[in-house]
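Residue numbers (our numbering): 965 to 1268. To start, the structure itself, in structure tokens.
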Amino acid sequence: MKATIDENSGYCYGVVRAVEQADRYLEEHPSLFSLGSIVHNGTEVERLHTKGLEVISYDRMQTLNNETVLIRAHGEPPSTYQLAQERGLTLIDCTCPVVLQLQKKIRKTYLELLPQNGSLLIFGKIGHAEVNGLVGQTDGNARVLESLQDLHTWLAEDPKRLALPIEVFSQTTKDPQQYKTLGEALIRAVEASIGQADHVHIHNTICRQVSSRHPNLQRFAAEHQVILFVSGRESSNGHILCELCKQVNPRTYMIEKTEEIRPEWFQPEDSVGICGATSTPKWQLEQVFSYICTSNFENLVKFK
Ligand code: SF4
């Protein structure tokens, strides 16, 4: 059995930047609060926890005074900055520059739409930290669509708004193909309703670090007999990328830790591809690689 690590997997730029800033701070200070998990990866959070990083909720943040709090790459809504100011907190703001730019774009568009009574739609996961930050730019007035079904519900609610401006944005880590399908369905529906759709704008706001991974990852998954997809189970990007692997390779398994690897997944001649989400550190992929290379699965398979 042989194993290969996907060279395009591993942290995206935004996550590298946030983790580096946390590591740097913790080299000089005994502790640091992080509002939410700095990365959707339990193993990495545990590593940082041993260095002094404490993950806190909004409720806990409301009780802090004059402490230092890290804002993760997903970004935050304006209300969080307001709270930090009220509590005298120092922020280490690790909002990814790509997300920051998207927040600004949404804010500007929202203010332009207001006098025109237009709609601002966000394709994303309800409750996801990045989406909360984006919705915050619209004072809570954006409509979040998780699926085509949500779009159809929105379309049916008030057909009059189809004649007014409609601006659509996507969470940075969504699947580009699904976003394209949703945008096309919206344009078709508006054209069918009022004859044209010039006032509908679908903004391409999926992060390039994510969209470029999709075709590369599927190619990689197709080249191997078994895929070990290493990701935290709470990572929405992890689930999307793992699903892409499964489409071309049904022998794809999502794991968080080497302990979850089962010998019955493998045959002696298999080539195993190891890849992960934008929140999976390279060291974790290397750990899985070493585990595969040093485990005597052939014996285990015999005795299963
Ligand atoms: S996926 Fe893209 S936008 Fe999101 S944190 Fe990573 S680099 Fe930034």
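Think of the CB as a built atom: it goes at the ideal place given N, C-alpha and C, for glycine as much as any other residue.
Assigned secondary structure, residue i (DSSP; H/G/I helix, E/B strand, else coil)
| i | result |
| --- | --- |
| Tyr1074 | helix |
| His1165 | strand |
| Ser1254 | helix |
| Ala1186 | helix |
| Thr1007 | helix |
| Asp987 | helix |
| Ala967 | strand |
| Leu1064 | helix |
| Glu1031 | coil |
| Ile1020 | strand |
| Gly1052 | coil |
| Ser1243 | coil |
| Ile1151 | helix |
| Ile1158 | helix |
| Ser1001 | coil |
| Ser1259 | coil |
| Ser1043 | helix |
Short Cβ contact (7 angstroms threshold) for residue i with residue j
| i | j | result |
| --- | --- | --- |
| Leu1064 | Phe1087 | no |
| Thr1044 | Tyr1074 | no |
| Leu1084 | Leu1078 | no |
| Ala1153 | Leu1119 | yes |
| Ser995 | Gly1016 | yes |
| Cys1060 | Gln985 | no |
| Ser1199 | Ser1243 | yes |
| Leu1146 | Leu1115 | yes |
| His1167 | Pro1129 | no |
| Leu1066 | Thr1169 | yes |
| Gly1100 | Pro1041 | yes |
| Leu1192 | Ala1241 | no |
| Ser1175 | Pro1140 | yes |
| Leu1028 | Ser998 | no |
Per-residue burial, residue i [other beta carbons within 10 Å of its own, 16 or more giving buried]
| i | result |
| --- | --- |
| His1004 | buried |
| Thr1216 | buried |
| Asn1213 | buried |
| Trp1247 | exposed |
| Ser1254 | exposed |
| Arg1226 | exposed |
| Asn1030 | exposed |
| Cys1257 | exposed |
| Gly1104 | exposed |
| Tyr1022 | exposed |
| Thr1136 | buried |
| Gly1159 | exposed |
| Ile1090 | exposed |
| His1013 | exposed |
| Gly1237 | buried |
| Gly1052 | exposed |
| Glu1131 | buried |
| Glu1207 | exposed |
| Ser1134 | buried |
| Lys1221 | exposed |
| Arg1172 | exposed |
Unbroken stretches of the alpha helix (DSSP H), 4 residues or longer, contained in the segment 1092-1144: With a minimum length of 4 residues, the continuous alpha helix (DSSP H) runs that stay inside the segment 1092-1144 are 1093-1100 and 1112-1121.
query: If you measure from each residue's Cβ to the nearest non-hydrogen atom of the ligand SF4, which ones come out under 6 angstroms, in chain order?
result: In chain order, the residues positioned with their C-beta nearer than 6 angstroms to some heavy atom of the ligand SF4 are Cys976, Tyr977, Gly978, Val979, Ala1037, Cys1060, Val1062, Val1063, Thr1136, Thr1137, Cys1171, Gln1173, Val1174 and Thr1242.
message: Please give the ranges of any alpha helix (DSSP H) in the segment 1174-1236, keeping only runs that are unbroken, at least 4 residues long and fully inside the region.
response: The qualifying runs are 1177-1186 and 1200-1212.
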